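To convert, note that position 68 of the sequence shown is 83 in my numbering; the numbers rise steadily by one, no gaps. Reviewing the structure listed below.
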Amino acid sequence: MMYLHPYLYEIVHDLVQQRVADKKFPYVATANDVKAKVMFDVSTALDEMVQDGLLARSSNINGIGLYRTLKEKEDEEFSAIFRD
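Structure follows, in structure tokens:
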């Protein structure tokens, strides 16, 4: 999970800096704030991937997003990644 460290570090840093700027003590990032930012970023990235045609999205009866890859895009764009 080392690949997440820089991303999470940046989130914590930014949240702490925002609290410092707002003079809201204690100058910490809560786990809930970090998770909310991660979920926002994930949702944004998934929406972008749907718009770009990399993923297809539908919803179940509860409104939960269901994603699948598009075979054509896998063959065209992602096969190069796995060859390297």
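We treat Cβ as the ideally placed atom computed from N, Cα and C, and that holds for glycine. Computed from a predicted structure; not experimentally measured.
DSSP-derived helix/strand/coil call for residue i
i	result
Y42	coil
M16	coil
N47	helix
D37	coil
D67	coil
Residue(s) in a DSSP beta bridge with residue i
i	result
R5	Nothing can be reported for residue 5, as the shown portion of the chain is limited to 16 through 99.
Same chain only: Cβ atoms within 6 Å of residue i, ignoring 5 sequence neighbours per side
i	result
R72	V65, G80 and Y82
L30	A44 and D48
Length of the line joining the Cα atoms of residue i and residue j
i	j	result
G68	L61	11 Å
M16	F40	30 Å
L23	I76	33 Å
R34	A46	14 Å
K52	H28	12 Å
L19	E25	10 Å
A36	V49	18 Å
P21	V57	16 Å
M54	G78	16 Å
Y42	Q32	8 Å
8 Å CB neighbourhood of residue i in its chain, flanking five on each side removed
i	result
L70	L61, M64, Y82, R83, T84 and L85
Chain C within 8 Å of residue i, Cβ atoms only
i	result
R72	Structure shown: chain C not included; a single protein chain is present.
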